Amino acid sequence: MAEEKTVDDVTSQTNTDSEIDEQKELFEKKSAQELFDMGNLEFKENKNYEVAADRFSMAVEKKVKELNVQDNSIHVDLKEYYLCFADALLTKEEEKNDLFEFLKKKKKIEASDTDESPDKEEISDEQLAFEMFEFARKCYELYLENEKDLSIKDALNYSYVFIRLGDINLLNHFFDEALK
Numbered sequence: 052m053a054e055e056k057t058v059d060d061v062t063s064q065t066n067t068d069s070e071i072d073e074q075k076e077l078f079e080k081k082s083a084q085e086l087f088d089m090g091n092l093e094f095k096e097n098k099n100y101e102v103a104a105d106r107f108s109m110a111v112e113k114k115v116k117e118l119n120v121q122d123n124s125i126h127v128d129l130k131e132y133y134l135c136f137a138d139a140l141l142t143k144e145e146e147k148n149d150l151f152e153f154l155k156k157k158k159k160i161e162a163s164d165t166d167e168s169p170d171k172e173e174i175s176d177e178q179l180a181f182e183m184f185e186f187a188r189k190c191y192e193l194y195l196e197n198e199k200d201l202s203i204k205d206a207l208n209y210s211y212v213f214i215r216l217g218d219i220n221l222l223n224h225f226f227d228e229a230l231k
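For this note's numbering, add 51 to where a residue sits in the sequence shown, where the first one is 1.
This is the structure in structure tokens:
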């Protein structure tokens, strides 16, 4: 039985290593737009939100480098990248969210209040989604300041940012905030 566990551990590690190599290769060989398109395909066609989030993450990172954006990472050309990345993260969280998620989160918060470890806290996908929606909101606001005519697509995307921010508040049972 110990041999089976060792083989499973080795196989699992090999799969993880090959996935990391595949992601590095994608990041190096594909453009930001190609990664973005791959993320859209995974999100819309395949409904594979985890892979979509990974592709969008790589697309955002690559686009930030292409645009040579410094510090605050706000640029009008990043608006749709942030929006799609955030949406994939939140949809992934919604897919795995269950009726008792609130109780689990409450227990985690109570446990983390008593646990005083100096290690860096890991950011959840939900927290990252919130931050990405905020970046998208700021990018759209910057875009609105500079553009006279707003396309229907951009208007819908901008309003969608607020809808999804409301969804995050609903997931966390912040009902008053979700109504704003």
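The beta-carbon is built from N, C-alpha and C at its ideal position, and this holds for glycine as well.
Quantities reported herein were computed from a predicted structural model and do not represent experimental measurements.
Kindly list the residues whose CB is nearer than 6 Å to the CB of residue i, restricted to its own chain and excluding five residues on each side of it in sequence; keep chain order.
| i | result |
| --- | --- |
| T165 | Note on T165: pLDDT 49, under 50, position unreliable in the model; the coordinate value appears next. There are no such residues. |
| F107 | G90, C135, F136 and A139 |
| E144 | D176 and E177 |
| F94 | A103 and A139 |
Could you check which residue in the options has the C-alpha nearest to that of residue i?
| i | options | result |
| --- | --- | --- |
| E185 | K113, N97, D138 and A110 | D138 |
| E192 | N91, V212 and V102 | V212 |
| L118 | N197, K75 and S82 | S82 |
| A180 | S210, L216, D205 and K189 | L216 |
| K116 | Y100, K147, Q84 and M89 | Q84 |
| N99 | E70, E146 and E76 | E146 |
| V120 | C190, D200 and S69 | C190 |
| L195 | S210, E70 and S69 | S210 |
Is any beta-carbon of chain D found at less than 8 Å from that of residue i?
| i | result |
| --- | --- |
| L195 | Chain labels in this structure do not include chain D; a single protein chain is all it has. |
For residue i, I'd like the list of residues in its chain whose CB is within less than 7 Å of its CB, leaving aside the five on either flank, ordered along the chain.
| i | result |
| --- | --- |
| D218 | L141 |
| A187 | K130, Y133, L134, A137 and V212 |
| E101 | K143 |
Below 8 Å CB to CB, which residues in the same chain sit around residue i once its five sequence neighbours on both sides are set aside?
| i | result |
| --- | --- |
| Q74 | D105 and M109 |
| N91 | A103 and C135 |
| L86 | L77, F78, R106, F107, M109, A110 and K113 |
| N148 | L222 |
Are three or more beta carbon pairs between the region 140-150 and the region 116-132 nearer than 8 Å? Segments in contact, no.
Give a yes or no on contact between the region 175-182 and the region 112-122, applying the rule of three or more CB pairs nearer than 8 Å. no
Every unbroken beta strand (DSSP E) within the region 177-210, with a cutoff of 3 residues, ordered by chain: none
Just list the alpha helix (DSSP H) runs in the region 65-115, keeping only unbroken ones of 4 residues or longer that don't cross its boundaries, in chain order. 83-91
Which full runs of the alpha helix (DSSP H) of 4+ residues lie inside the region 115-144, going along the chain? none
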